[in-house]
Amino acid sequence: MNEIIKIFKKNKGYARMIELKNAQIHTRRIALAVESGIIEKIKPGLYKLVNYPHDEHESFVEVCHANKKAVICMLSAASYYELTTFNPTEIYVAVPNNTDKFVLNYPPIKVYYFADSYYSPGIETLKTKSGTVKIYNKEKTIGDLFRYINKIGEDIAVESLKTYLNNRKERNIPKLLEYSEICGVKKKIEPMIKAILS
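What follows is the structure in structure tokens.
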């Protein structure tokens, strides 16, 4: 088992089936490690070490490990940036339109398929103790919340916008307008900015 644990530790607590096979670890030993509760299966071909000291971003990292194109978005990003008091029970992720169906046993996810013009802008990389996470910046997150306002709810979109605008040190209105235009919601957001700031 020590060999298996070493491989996981080298990869910040995660390993793919292919990496384990390349290290000459037999599938029976992998199954035994799962049964013993040493590792657990996240999705077919991807496992994590149970006792690894992950941090609070662990579930974000798991999602980004499971699909290299996954970007944390909307409610999960808004919650991460403390733009909303709402705490989502699922992790909201965006992937490009042509991505194969993306399913995870755990953590629960809500997947949005974005056209490239919406998917590519505003992606940032977070380095956490658990690993690397791709997440949209605050401005793109607000744009997406307004783009999906009918699904997400107006209260969360407006709360996130108000919280963003009330943070004088960090707000960047030209950047917010740029991303609201990319998301096709500038006409919705612009009058609200004026109303909130007046």
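To convert, take the position in the sequence shown, counting from 1, and add 14; that gives our numbering.
Ideal placement from N, C-alpha and C gives every residue a C-beta, glycine not left out.
Using the C-alpha atoms, what's the distance from residue j back to residue i?
| i | j | result |
| --- | --- | --- |
| residue 174 | residue 163 | 12 Å |
| residue 74 | residue 111 | 20 Å |
| residue 28 | residue 170 | 34 Å |
| residue 113 | residue 150 | 18 Å |
| residue 80 | residue 56 | 8 Å |
| residue 19 | residue 183 | 44 Å |
| residue 130 | residue 191 | 19 Å |
| residue 44 | residue 142 | 27 Å |
| residue 82 | residue 146 | 10 Å |
| residue 115 | residue 59 | 15 Å |
| residue 31 | residue 102 | 30 Å |
| residue 186 | residue 180 | 11 Å |
| residue 139 | residue 24 | 21 Å |
| residue 86 | residue 34 | 28 Å |
| residue 119 | residue 168 | 30 Å |
| residue 201 | residue 90 | 25 Å |
| residue 121 | residue 144 | 15 Å |
For the alpha helix (DSSP H) containing residue i, list its first residue and its last residue.
| i | result |
| --- | --- |
| residue 128 | Segment 123-128 is the beta strand (DSSP E) holding residue 128; no alpha helix (DSSP H) there. |
| residue 191 | 187-196 |
| residue 49 | 41-49 |
| residue 178 | 168-180 |
| residue 211 | 200-211 |
Assuming residue i is part of the beta strand (DSSP E), what are its boundary residues?
| i | result |
| --- | --- |
| residue 145 | 145-150 |
| residue 106 | 105-110 |
| residue 63 | 60-63 |
| residue 94 | Not the beta strand (DSSP E): residue 94 falls in the alpha helix (DSSP H), residues 88-94. |
| residue 98 | First-last for residue 98: undefined, no H or E at that position. |
| residue 29 | 28-30 |
| residue 56 | 53-57 |
| residue 141 | 137-142 |
Excluding five sequence neighbours on each side, which residues of the same chain lie with their C-beta closer than 8 Å to the C-beta of residue i?
| i | result |
| --- | --- |
| residue 135 | 154, 193 and 196 |
| residue 65 | 52 |
| residue 99 | 173 |
| residue 161 | 132, 197, 198 and 199 |
Assuming residue i contacts residue j (C-beta within less than 8 Å), just tell me the rounded distance between them.
| i | j | result |
| --- | --- | --- |
| residue 21 | residue 37 | 6 Å |
| residue 84 | residue 117 | The Cβ separation is near 12 Å, so there is no contact. |
| residue 97 | residue 148 | At roughly 18 Å, the Cβ-Cβ gap does not stay under 8 Å, so residue 97 and residue 148 are not in contact. |
| residue 203 | residue 178 | Their Cβ separation, rounded to whole angstroms, is 10 Å, which puts residue 203 and residue 178 out of contact at 8 Å. |
| residue 132 | residue 109 | At roughly 11 Å, the Cβ-Cβ gap does not stay under 8 Å, so residue 132 and residue 109 are not in contact. |
In chain order, what residues of the same chain lie with their CB nearer than 6 Å to the CB of residue i, ignoring the 5 residues before and after it?
| i | result |
| --- | --- |
| residue 63 | 22, 27 and 53 |
| residue 95 | 152 |
| residue 189 | 153 |
| residue 61 | 29, 53 and 55 |
Is it right to say residue i is buried, meaning 16 or more other beta carbons lie within 10 angstroms of its own, or is it exposed?
| i | result |
| --- | --- |
| residue 15 | exposed |
| residue 42 | exposed |
| residue 17 | exposed |
| residue 211 | exposed |
| residue 207 | buried |
| residue 71 | buried |
| residue 50 | exposed |
Near residue i, what residues of its chain come up, given a Cβ to Cβ distance below 7 Å and the 5 sequence neighbours on each side ignored?
| i | result |
| --- | --- |
| residue 159 | 88, 92, 166, 170, 171 and 174 |
| residue 123 | 77, 104, 105 and 107 |
| residue 125 | 107, 109 and 116 |
| residue 39 | 17 and 18 |
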